[in-house]
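Have a look at the structure below before the remarks.
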Amino acid sequence: MPDFALWSAGARIVPAFTSPTYDASQPKSWFQGLFTSRIQPEWRFPEVAISPGLNVGNCWPMNGSSGAIGISLARDISPQSITIEHVPRHLSLDSRSAPKHLEVWSPLGHSPTDAKHRFVFLSEMFYDVLSVDHIQNFPLQQQFLHVPNIIVVVKSNWGNENFTCLYRIRVHGVLYPTGVALT
Numbered sequence: 001m002p003d004f005a006l007w008s009a010g011a012r013i014v015p016a017f018t019s020p021t022y023d024a025s026q027p028k029s030w031f032q033g034l035f036t037s038r039i040q041p042e043w044r045f046p047e048v049a050i051s052p053g054l055n056v057g058n059c060w061p062m063n064g065s066s067g068a069i070g071i072s073l074a075r076d077i078s079p080q081s082i083t084i085e086h087v088p089r090h091l092s093l094d095s096r097s098a099p100k101h102l103e104v105w106s107p108l109g110h111s112p113t114d115a116k117h118r119f120v121f122l123s124e125m126f127y128d129v130l131s132v133d134h135i136q137n138f139p140l141q142q143q144f145l146h147v148p149n150i151i152v153v154v155k156s157n158w159g160n161e162n163f164t165c166l167y168r169i170r171v172h173g174v175l176y177p178t179g180v181a182l183t
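End of the sequence shown = 183 in our numbering, gap-free, step of one.
Okay, here's the thing in structure tokens:
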């Protein structure tokens, strides 16, 4: 299945629909500061969530236990399913940062300024961190729409209040003719 949310294929992050990145450089207390690094790795940008790679710690740490990531898809498609990847539980030191309850929305129009705060609900899903399968595919409930952008909303994670790690998001669907968009 082609991945239309793949950065190297032309997908991009939509900052207007994307939550802030977790800032690990500021310790929560003076005591915690004694044992933590104040240097945040440069690779922890939202683009990590739409790029290949599933190494432990190589995720986009979204600030908080809920938030969103906006993705401008590589092509206009009729989305059929979404795949959420997280590091396998047996390799993870702590799975509480994995997303749990998610929703997928599409803004109306091609850009954040076109959307005028109107969105179409596409689906709801639950990522099971306890599953044997760490790569989980979810069919979308609304598959007939033709969209250039999606927003993946993380409603909750598995218990980490500070951040949610998004390792990889894939969007699968059927190509839609150029020039036609959901309006």
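Cβ atoms here follow ideal geometry from the backbone N, Cα and C, with glycine treated the same way.
In this structure F126 touches H101 by the C-beta definition: roughly 6 angstroms separates them, less than 8 angstroms. By the C-beta density criterion, L91 is exposed, having fewer than 16 other C-beta atoms within 10 angstroms. I50 is a Cβ neighbour of L6, given a cutoff of 8 angstroms. For S81, the enclosing beta strand (DSSP E) stretches over residues G67 to E85. Taking C-beta atoms as the reference points, G10 and A98 fail to come closer than 8 angstroms. Straight across, the Cα-Cα distance linking C165 with P177 is about 34 angstroms. The Cβ-Cβ distance between Q80 and L140 falls below 8 angstroms. L108 has its alpha-carbon roughly 11 angstroms from the corresponding atom of F121.
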